[in-house]
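Have a look at the structure below before the remarks.
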Amino acid sequence: MLERRPDNMERIATPEQAKAYIEEQIADIQAQVGDKKVLLALSGGVDSSVCAALLIKAIGKQLVCVHVNHGLLRKGEPEQVIKVFRDELDANLIYVDAVDRFLDKLAGVTDPEQKRMIIGKEFIDVFAEEAKKQEGIEFLGQGTIWPDILESEAGIKAHHNAGGLPEDLQFELVEPVRILFKDEVRIVGKELGLPDNMVYRQPFPGPGLGVRCPGAITRDRLEAVRECDAILREEFAAAGLAGKVWQYFTVVPDFKSTGITDGKRTFNWPCIIRAINTTDVMEVTVEHLAPELIDRLVQRITTEVPGINRVLYDYTPKPPATVEYE
Ligand code: XMP
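To convert, count from 1 in the sequence shown and add 80; that's the working numbering.
Written out as structure tokens, the structure reads:
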């Protein structure tokens, strides 16, 4: 029976409380794992990163982190995972470049649910292959958090745990952030020394940029989404909006329109910007951007990103629109 959050557990809100939680978890992890090895899929998202940092503190190189680059991550993310975990925390990190494998499987696939299914299944296959190469693994680390448990119990969302791993890879779970709410995970992560842009990052869907490149994903359009997104994040950070706006991203739809660059006619994609706020994700409102910021985004995106000649702003709340485009 896995641990449940005690009803009377105080909400972690201070560095001291985070420190006490970390100490407790280190002792628990050491008692559970002993001198055995733990395998962890490290995406670089908040939950898996904090989970990894806790495990590294408790058992060091007995933790084997696997970072799968499926080609749908944001600009700089795989590099940051390597920098923070391998270089700074001296973790045992396996980096798997699976970009071609994912993009080849996704080529020509237009149906959003089929795209999600391919990404999910391929991820499990790649991770299972890496797991089989390892010797002596007895535990699977997971960044499951308390809302994941509550939502899966309420039937809202399928809990993304070991489900899917083949029979011969059913390890005992180690879930050191399982009883924490998201805000608590962030405080613990900060106390563990993880960088702010990792701990306070906005929500990012599992299928990543794959759902922001609607229809059949092509490498050139995917690259355009990634570059537009990087510019948007840079400009939001510069304008003091990072961490204030709940989620913001770009979409590059699969249609083209005419434009002019250096006096020559172009026929290129538009970039759609979406920036929204919410408390429960059931309803979202649109962030109204300052005109100067919009002008700067239009200027930078149309001049710096190959293949883009227009920038559009999505003013639609949810409902009637969803957050993502597919
Ligand atoms: P929607 O588009 O359903 O999005 O209004 C609500 C929130 O969920 C995120 N989202 C996903 N997250 N896998 C995920 O892990 C998915 O397939 C997925 N689809 C949407 C979305 O980014 C937003 O925060």
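We put the CB at the ideal spot given by N, CA and C, even for glycine.
What do you get for residue i, buried or exposed, if any count of 16 or more other CB atoms within 10 angstroms of its CB means buried?
i: Val164; result: buried
i: Arg91; result: exposed
i: Pro246; result: exposed
i: Ala171; result: buried
i: Lys201; result: exposed
i: Lys213; result: exposed
i: Ile236; result: exposed
i: Gly269; result: buried
Hey, would you say residue i sits closer than 8 Å to residue j, going by beta carbons?
i: Val254; j: Val130; result: no
i: His150; j: Ala178; result: yes
i: Tyr395; j: Val331; result: no
i: Trp335; j: Gly125; result: Note that residue 335 is Phe in the sequence shown, not Trp. It is not a contact, given that the beta carbons lie outside the stated cut-off.
i: Arg313; j: Ala319; result: no
i: Lys116; j: Phe219; result: yes
i: Asp309; j: Arg84; result: no
i: Glu303; j: Leu373; result: no
i: Phe347; j: Thr338; result: yes
i: Pro227; j: Phe203; result: no
i: Gly221; j: Leu120; result: yes
i: Gly295; j: Thr190; result: yes
Taking the straight line between their C-alpha atoms, what separation do you get for residue i and residue j?
i: Tyr175; j: Val206; result: 11 Å
i: Ser123; j: Ile102; result: 21 Å
i: Ile381; j: Gly188; result: 27 Å
i: Thr358; j: Trp326; result: 7 Å
i: Glu159; j: Leu152; result: 13 Å
i: Glu233; j: Pro192; result: 26 Å
i: Ala133; j: Glu271; result: 10 Å
i: Phe182; j: Asp87; result: 42 Å
i: Asn389; j: Gly286; result: 29 Å
i: Gly273; j: Ile139; result: 17 Å
i: Ile353; j: Arg306; result: 12 Å
i: Val378; j: Val391; result: 6 Å
i: Ile198; j: Gln105; result: 35 Å
i: Ala98; j: Glu264; result: 8 Å
Using DSSP bridges, identify the partner residues of residue i.
i: Ile388; result: Trp349
i: Lys398; result: Val364
i: Asp177; result: Asn149
i: Val144; result: Leu119, Asn172
i: Tyr393; result: Ile353
i: Gly221; result: Leu120, Val254
i: Ile340; result: Arg345
i: Phe203; result: Beta-bridge pairing links Phe203 to no other residue.
i: Val325; result: Ala322
Say whether chain B places a C-beta atom closer than 8 Å to the C-beta of residue i.
i: Val366; result: Any reference to chain B falls outside this structure, which holds one protein chain only.
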